[in-house]
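K.L.:
If you're matching positions, the sequence shown starts at 57 in this note's numbering and goes up one per residue.
In this text, a Cβ means the ideal position worked out from N, Cα and C, and glycines have one as well.
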Amino acid sequence: MIERPGLPTAAEILARYPSKRSALMPLLHAVQERDGYVSEAGMEEVAEHIGVTAAEVLGVCSFYSMFKRTPQGKLLVSVCTSVSCMVNGGEELYDHLRSRYADDPDVTVEEVECLAADDGAPVMQVNYEFHERMTPESATRIVEDYKSGRLTPRGPSGVSPAPAGAGGQAR
Numbered sequence: 057m058i059e060r061p062g063l064p065t066a067a068e069i070l071a072r073y074p075s076k077r078s079a080l081m082p083l084l085h086a087v088q089e090r091d092g093y094v095s096e097a098g099m100e101e102v103a104e105h106i107g108v109t110a111a112e113v114l115g116v117c118s119f120y121s122m123f124k125r126t127p128q129g130k131l132l133v134s135v136c137t138s139v140s141c142m143v144n145g146g147e148e149l150y151d152h153l154r155s156r157y158a159d160d161p162d163v164t165v166e167e168v169e170c171l172a173a174d175d176g177a178p179v180m181q182v183n184y185e186f187h188e189r190m191t192p193e194s195a196t197r198i199v200e201d202y203k204s205g206r207l208t209p210r211g212p213s214g215v216s217p218a219p220a221g222a223g224g225q226a227r
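Here it is in structure tokens:
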């Protein structure tokens with residue numbers, strides 16, 4: 057049963073939709089918010105609620121990069137390396153953060169194709185909070201601010217509010 061205090065229950069989510077299948081993504085978000093990622097057991101749980109196979113749920117999870125299928129750190133740092141970010145230092149930013157936090161279980165650094173903020177390249181998100189015009193130094197400072205509690209991270213699905221970042225513009 058998809059339940060955690062402060063989150064809608066599976067029954068509440070299902071009640072919002074005329075067809076159970078339409079609740080697939082909201083249920084996946086709820087599982088991810090509850091567990092921090094969508095495990096095989098979580099996919100099976102969602103499949104049972106909506107009457108589809110776990111393979112169909114996996115198909116959705118594997119298509120959308122917002123659903124994480126492995127445990128993540130408390131902070132998910134997504135670095136854009138699409139063309140605009142790449143020519144403005146996105147790959148160097150990603151390489152720097154990946155090596156800096158490689159052994160830190162609280163921080164997961166991932167490369168993403170596009171965060172749709174080309175005018176602020178290079179761009180990163182920390183738990184889905186945008187930070188633009190990043191350098192390796194400003195990005196490290198922001199991650200450290202989240203780690204220390206000077207900034208409050210959103211949850212795994214980006215649901216809870218977070219203040220604008222320091223050292224980069226939040227969007």
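Would DSSP call Leu114 helix, strand or coil?
P.N.:
In this structure, Leu114 counts as helix in the three-state DSSP scheme.
K.L.:
Quick check on Thr196: does DSSP put it in helix, strand or coil?
P.N.:
If DSSP states are grouped into helix, strand and coil, Thr196 belongs with the helices.
K.L.:
Could you give the DSSP three-state label for Glu167: helix, strand or coil?
P.N.:
The answer is strand: DSSP assigns Glu167 an E or B state.
K.L.:
Are Ser134 and Gln88 close, meaning C-beta to C-beta below 8 angstroms?
P.N.:
Not a contact, by the Cβ cut-off of 8 angstroms.
K.L.:
Quick check on DSSP: helix, strand or coil for Gln128?
P.N.:
Coil.
K.L.:
Give the DSSP-derived three-state secondary structure of Met180 in the structure shown.
P.N.:
If DSSP states are grouped into helix, strand and coil, Met180 belongs with the strands.
K.L.:
Exposed or buried, which one is Cys170 when buried takes at least 16 other CB atoms within 10 Å?
P.N.:
Cys170 should be labelled exposed.
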